[in-house]
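To start, the structure under review is shown below, and the notes come after it.
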Amino acid sequence: MSKPKETLNPFEIARTQIDRAGKKLNLDAGMLEILKNPRRELTVHFPVKMDDGTVKVFTGYRVQYNDAVGPFKGGIRYHWNVSLDEVRALSCWMTWKCAVMGIPYGGAKGGVICNPKEMSKDELEHMTRRYASEISIIIGPEKDIPAPDVYTDGQTMAWIMDTISMAKGFAVPGVVTGKPLAIGGSLGRDEATSRGLMYAVREAAKKTKLTLKGATVAVQGFGNVGMHFARLMHDEQGSKIVAVTDSKGGIFSEKGFDPKEVLAFKEKTGSVVGFPGTKPVSNEEVLELEVDILAPCALEGVLTSENAPRVKAKIIGEGANGPTTPEADDIFHKRGIVLIPDILANGGGVTVSYFEWVQNLSEFFWTKSDVDQKLEGVMVGAFNRVWDMREAKKVDTRQAAYMVAINRGPLHAPPDERGLPHGRLEDGHRVEVRDLARKRHARPLILPRGQRPGSMTEELRAEHETNEPGVFAS
Ligand code: NAD
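Take any residue in the sequence shown, note its place counting from 1, add 302, and you have its number in my numbering.
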């Protein structure tokens with residue numbers, strides 16, 4: 303593959319995207335400058351004792367982009383390529399994502415430069431706890447709420463929650479989302495990004511008259527987002543999953559396969575590569591397959607001006623953050639390919655993170671069908687807002703999403719509205735959330751013995767999981 307002509311620096315890409323939408327909205331230069339810069343950046347260097355007794359110093363970041371309509375919110379990534387610019391870009395995209403989805407959060411992101419694949423569980427725990435302690439000065443349920451991202455998961459969030467809770471002297475479940483259920487996680491959070499992506503693809507298919515039953519799907523990145531997306535498209539839409547990849551390579555089968563069987567195979571062997579009855583496909587080739595739907599669900603900068611002319615999919619759903627460069631966006635738009643941009647397509651994750659936080663603050667837990675139904679409502683609403691903007695302004699879907707975000711979003715809020723924990727939800731819902739947050743912070747921290755905020759007894763959990771109406775945990 304020859305080198306793309308454009309920049310692959312994710313923060314430069316994010317700033318170009320803001321410029322493009324800002325121009326369409328006739329934003330003044332000062333406002334554009336505000337939109338293009340993060341509010342706060344923290345870099346930390348911290349020592350960790352490794353299993354062999356040596357001490358290694360890791361570098362991590364937490365970038366808080368904007369909190370005009372609510373606390374900062376965004377995942378934490380563990381990857382050897384993490385950089386300050388990548389974290390800045392991801393925090394910027396989080397800001398627009400929350401605004402597009404209409405949830406009362408700003409944007410943030412964190413990352414640690416490390417290779418989690420070469421670290422033991424103990425080393426990962428020690429690194430996570432030390433990183434959590436370093437960033438504890440700026441995170442908290444009412445300030446900034448991390449969640450999982452690439453190579454972090456529910457276990458990582460549990461370690462962070464515990465580290466923060468130890469320092470406080472009481473359990474603080476609202477400090478992170480994407481937690482395990484037992485310590486205050488939400489039903490449906492593990493698959494939420496993918497379920498949201500499925501709803502967005504379904505809506506795009508309706509607009510483009512594509513039948514999802516039997517439609518072919520290729521997924522780059524068979525991790526949390528990619529795997530659940532493939533599974534949901536297969537099980538709930540009857541689509542044919544013909545290709546998936548992971549960091550080691552990929553598989554292709556014209557006949558299609560069941561992603562659940564591929565997952566079982568990956569759990570045994572460590573990769574999708576070699577799944578019986580499939581041919582190998584590379585991470586570059588998967589993007590150019592003759593399919594109806596392409597879902598890049600791994601990392602940034604994979605769709606560029608170099609390969610965009612060869613992409614054959616009718617719909618691209620960006621499960622990953624930042625997979626497409628602005629130059630590739632232009633090519634897809636000209637070629638009539640419908641691209642559902644990351645800040646809309648993968649917004650289901652932060653939406654259910656928000657639901658988890660609301661459940662933690664209110665100490666009232668929802669059923670899986672409550673979560674899915676509310677998520678569907680938020681996704682379809684956001685999709686239609688973006689689609690209507692695209693049609694009205696004759697722009698591509700990414701620009702439309704940015705225009706919706708900037709119009710509805712944080713920095714356009716008049717100063718007298720800034721800082722209030724309100725969002726762009728229906729009025730009734732907004733008031734309810736604000737009241738819940740007030741109640742949570744005002745109530746004394748005296749709880750029945752053996753119960754913690756956000757935790758559930760086994761009995762209540764069992765009732766809860768049978769989809770009975772929600773119950774108060776404490
Ligand atoms: P993950 O760690 O669970 O999965 C990442 C997958 O990508 C793995 O299968 C890995 O093997 C694969 N991968 C890594 N490097 C690759 C490479 N160079 N080429 C191809 N595949 C590669 O991470 P995730 O949580 O599924 O996140 C994936 C993407 O989705 C990221 O861009 C992330 O920011 C975005 N995202 C995640 C969430 C969430 O809720 N987890 C929400 C919104 C957006």
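Glycine is no exception: its CB is placed at the ideal position from the N, C-alpha and C atoms.
Asked, Found
"Count Cβ pairs between the region 635-646 and the region 698-713 that sit closer than 8 Å; are there 3 or more?", "yes"
"Go ahead and label W668 buried or exposed: buried means 16 or more other beta carbons lie within 10 angstroms of its beta carbon, across all protein chains shown.", "buried"
"Can you tell me whether D354 is buried or exposed, with buried defined as 16 or more other CB within 10 angstroms of its CB?", "exposed"
"Closer than 7 Å: is that where the CB of P475 sits relative to any heavy atom of the ligand FAD?", "Annotation note on the ligand FAD: not contained in the displayed structure, which lists the ligand NAD as its ligands."
"Assign G442 to one of three DSSP states: helix, strand, or coil.", "strand"
"Can you tell me whether Q319 is buried or exposed? The criterion is at least 16 other CB atoms within 10 Å of its CB, across all chains shown.", "buried"
"I'd like to check one pair, G619 with L499: are the Cβ atoms closer than 8 Å?", "yes"
"Is E600 near the ligand NAD, with its Cβ less than 7 Å from a heavy atom?", "It should be pointed out that residue 600 corresponds to Ala in this sequence rather than to Glu. For the ligand NAD, at least one heavy atom lies less than 7 Å from the Cβ of A600."
"Taking just the CA atoms, how far does Y367 sit from P312?", "15 Å"
"Which residues in the same chain as L574 place their Cβ atom closer than 6 Å to its Cβ, once the five residues preceding and following it in sequence are excluded?", "For the record, residue 574 in the displayed sequence is Val; it is not Leu. Correct list, in chain order: F524, V546, D548, I553, V564 and K568."
"Starting from K508, trace the alpha helix (DSSP H) both ways and give me its first and last residue.", "A494 to T510"
"Start and end of the beta strand (DSSP E) containing R612?", "Neither: R612 is in no beta strand (DSSP E) and is coded neither H nor E."
"Taking the alpha-carbon positions, what's the V478 to G408 distance?", "15 Å"
"For R637, tell me which candidate among S607, V474 and L334 has the shortest Cα-Cα distance.", "S607"
"Just checking L450 against the ligand NAD - is the residue's beta carbon closer than 7 Å to any of the ligand's heavy atoms?", "The sequence shown places Pro at residue 450, rather than the Leu named in the question. Under cutoff, so the answer is yes."
"Give a single yes or no on whether F524 has its beta carbon closer than 7 Å to a heavy atom of the ligand NAD.", "yes"
"Determine, using beta carbons only, whether M396 and A410 come nearer to each other than 8 Å.", "yes"
"Tell me which same chain residues have a C-beta within less than 6 Å of the C-beta of A707, skipping the five on either side of it?", "W398, A401 and V402"
"Among the candidates V346, G486, I415 and T454, whose CA atom is the shortest distance from the CA of S435?", "V346"
"Terminal residues of the continuous alpha helix (DSSP H) containing Y704?", "T699 to R710"
"Could you check whether the region 648-656 touches the region 478-495, counting it as contact only if at least three pairs of C-beta atoms, one from each stretch, sit closer than 8 Å?", "yes"
"Alpha carbon to alpha carbon, how far is N623 from L392? Give it in angstroms, no decimals.", "7 Å"
"When you compare the region 370-389 with the region 442-454, are there three or more beta-carbon pairs, one atom per stretch, that lie closer than 8 Å?", "yes"
"Select from D560, R322 and T510 the residue whose C-alpha is nearest the C-alpha of L534.", "D560"
"Report the option in V371, Y501 and S467 whose CA atom is closest to the CA atom of E538.", "Y501"
"How should G540 be labelled, buried or exposed, when 16 other C-beta atoms within 10 angstroms of its C-beta is the threshold for buried?", "exposed"
"Which runs of the beta strand (DSSP E) spanning at least 3 residues fall entirely within the region 566-646, listed in chain order?", "581-583, 595-598, 617-619 and 640-642"
"Residues in its own chain within less than 8 Å of D674 by CB, not counting five upstream and five downstream?", "G490 and R497"
"Opposite D548 in the DSSP bridges: which residues?", "G551"
"Name the two residues that bound the continuous beta strand (DSSP E) containing F685.", "Looking at the DSSP string, F685 is not in any beta strand (DSSP E); the run it does join, the alpha helix (DSSP H), is K670 to K695."
"Let me confirm a value: I543 is counted as buried when at least 16 other C-beta atoms fall within 10 Å, else exposed. Which label applies?", "buried"
"Cβ atoms of R317 and E338: under 8 Å apart, would you say?", "Note on identity: in this sequence residue 338 is Lys, with Glu being the wrong assignment. Going by C-beta atoms, K338 is nearer than 8 Å to R317."
"Could you tell me the boundaries of the alpha helix (DSSP H) in which A370 lies?", "Taken as a continuous stretch (DSSP letters only), A370 belongs to no alpha helix (DSSP H), as it is neither H nor E."
"Assuming L605 and T580 form a contact by the criterion Cβ under 8 Å, report the distance between their Cβ atoms to the nearest whole angstrom.", "Between T580 and L605 the Cβ distance is about 23 Å, and since that is not below 8 Å, they are no contact."
"Compute the Euclidean distance between the alpha carbons of D321 and F634, then round it to the nearest angstrom.", "19 Å"
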